[in-house]
Structures are given as C-alpha cells and as structure tokens.
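Position 221, counted from 1, in the sequence shown is what this note's numbering calls 224; the numbers after and before it change by one each time, with no gaps.
Below: the structure, in structure tokens.
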Amino acid sequence: MSFAASVLTLYPEMFPGALGLSLAGRALEAGTWSLEAIQIRDFATDKHRTVDDTPAGGGAGMVMRADVLAKAIDHASPPGDKRPRLLMSPRGKPLTQARVRALAAGPGAVILCGRFEGVDQRLIEARGLEEVSIGDFILSGGEPAALVLLDAVVRLLPGVMGNAVSGEEESFENGLLEHPHYTRPQEFEGRPIPDVLISGNHKKIAEWRRAEAEKLTRERRPDLLRAAQPLVK
Ligand code: SAH
C-alpha cells in the first residue's frame with residue numbers, strides 16, 4: 004500500500020517541485036508514494052474562473068470561496084476516502100514529528116493550500132479540515148508548507164531511507180535534539196574531533212552523545228525536556 008497525496012492548489016506547477024528530486028523523487032518514481040496536484044480553479048463556475056472574493060465585514064485582501072473549494076475537495080476526496088483532510092494554515096496545530104509519523108503510517112493525505120487571506124471558515128467546518136501549521140510565521144501560500152509536510156512524511160515511508168536506524172536516532176524521536184556530528188579531517192582549522200569519538204569505546208561514545216544531546220536540548224529547547232520527562236514526585 005503506498006501513500007497517496009492529493010494537493011489542492013492554485014499553483015499545481017509547484018509540485019512535485021523539490022520532492023521530485025533525491026530520496027523523495029526516487030520514491031515517487033518507484034511508486035512508494037503518489038502525488039496528484041489538483042487545480043482549484045478548475046472547480047470555479049463563472050466564466051472568469053473566480054476562486055476568491057472580498058471578505059465579509061470588510062478589510063484588506065481576498066478570501067477563498069467555500070463553494071469552489073468544496074467542489075475541489077469532494078472531487079479529490081469522495082465519500083469513503085479514509086485519508087485525513089489537511090488545511091495548511093498558520094492558525095493550525097504546529098506540525099510535530101509525532102503527527103508526521105502518524106500520517107506516514109496512514110493511507111495518505113488530502114492537502115488544501117490556502118492563498119490570499121485564507122479560506123472561508125464554513126468550508127473548514129463543513130469538510131472537517133484539520134488545520135496544520137509549519138511554524139509561527141506567515142508564508143504567501145500553503146504550497147511550501149505542503150511540500151515541507153510531505154517531505155517529512157515521505158522520508159519515513161518503508162524503503163525510502165537507506166539507513167533506517169538514522170531515522171530513529173534523530174532530533175525529536177527521543178524527545179531530545181541530536182548530538183553534534185563530526186567527520187574527517189581529524190583536524191579542521193585547529194579544531195580536533197573530540198577524543199572520545201575516536202576512542203573506539205562504544206559505550207563511552209553513546210554516553211557522550213546522550214550527554215551532549217541533553218545539554219543542547221536544555222540550552223536551546225527546554226520545552227522539549229519538560230514534554231519528554233514529566234516531573235515525577
Ligand atoms: N491571513 C492569514 C495568513 C494567510 S497566508 C493569517 O493571518 O492567519 C496565506 C496562506 O498561506 C494560508 O491560507 C496558508 O495556507 C498558508 N500559510 C501561511 N503561513 C503558514 C504556516 N505557518 N503554516 C502553514 N501554512 C501557512
């Protein structure tokens with residue numbers, strides 16, 4: 004069973020984009036996942052193929068119309084489709100590695116990319132869209148966010164990453180940021196590789212990496228430590 008992504012967008016030319024190259028691109032060619040980019044404008048009903056209109060209540064910008072988007076979603080995701088329907092949105096729940104992992108274990112995703120000021124609220128409610136954010140900043144459209152989400156999901160699909168172990172040891176998988184990495188040359192601009200890493204003592208190396216990971220996480224992301232290890236009384 005392969006992961007099926009359907010992306011609803013005003014810019015289907017943005018897909019597969021970066022996901023057509025490297026690991027994700029090879030997996031796409033191999034059929035490990037599939038990608039369908041659907042032009043929302045094809046579901047407009049007037050002769051100008053209008054997808055947006057002015058905001059009710061006034062104000063700047065334009066809002067994507069619920070009726071046009073509903074038609075596009077119903078085409079991409081007919082009744083019985085088990086895939087979650089996501090709306091890329093800065094108001095959404097921030098994307099986490101746990102959510103990425105859950106998506107990768109499922110049948111795929113239907114992903115709506117917003118443009119302009121966003122989409123009519125009634126569409127979100129009527130089609131049960133899950134709003135997903137990729138961070139506390141504003142993009143000009145949902146397409147780069149969808150590419151980010153799919154990149155994170157696809158690399159977890161079976162067979163996509165050559166070395167499966169490296170996936171499990173990465174940042175966030177154990178609630179910690181990852182330890183620093185080194186490779187040859189042994190000395191770079193007067194900076195040697197830490198002795199322990201060339202000691203050949205695997206137990207010591209593991210302890211050092213764990214300690215570095217904890218130190219880094221404490222310094223940069225204490226919120227992760229709190230989430231990973233709730234205080235035990
Ligand atoms: N007026 C909105 C921002 C609209 S940005 C607000 O203030 O909340 C236009 C589109 O870009 C959004 O509809 C969404 O699909 C996408 N987008 C922008 N920032 C995003 C983010 N951080 N995560 C996911 N999608 C984002």
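We treat Cβ as the ideally placed atom computed from N, Cα and C, and that holds for glycine.
The structure displayed is predicted, hence computed values, not measured ones.
query                                                                                              : result
Boundaries of the beta strand (DSSP E) in which I41 is found, first to last residue                : W36 to Q42
Cβ-heavy atom distance, E120 to the ligand SAH, below 7 Å                                          : yes
Exposure label - R91; buried when at least 16 CB within 10 Å                                       : Looking at the sequence provided, one finds Met at residue 91 rather than Arg. Classification of M91: buried, given that the 10 Å Cβ count is 16 or more.
Span separating the alpha-carbon of G131 from that of R86                                          : 12 Å
Segment limits, beta strand (DSSP E) that includes S92                                             : R88 to P97
Within 8 Å, strictly: CB atoms of L115 and G144                                                    : no
Nearest to T53 (by Cα), restricted to the options E215, T35 and M67                                : M67
Heavy atom of the ligand SAH within 7 Å of L142 beta-carbon                                        : yes
Same chain only: Cβ atoms within 6 Å of V235, ignoring 5 sequence neighbours per side              : Reliability of the predicted coordinates at V235 is poor, the pLDDT of 48 falling under 50, and the value obtained from them is presented with this limitation in mind. None.
beta-carbon A59 near the ligand SAH non-hydrogen atom, thresh 7 Å                                  : no
Length at least 4, wholly inside the segment 103-164: the alpha helix (DSSP H) runs in chain order : 124-129 and 146-157
Residues bridged to D56 [DSSP beta-bridge criterion]                                               : V66
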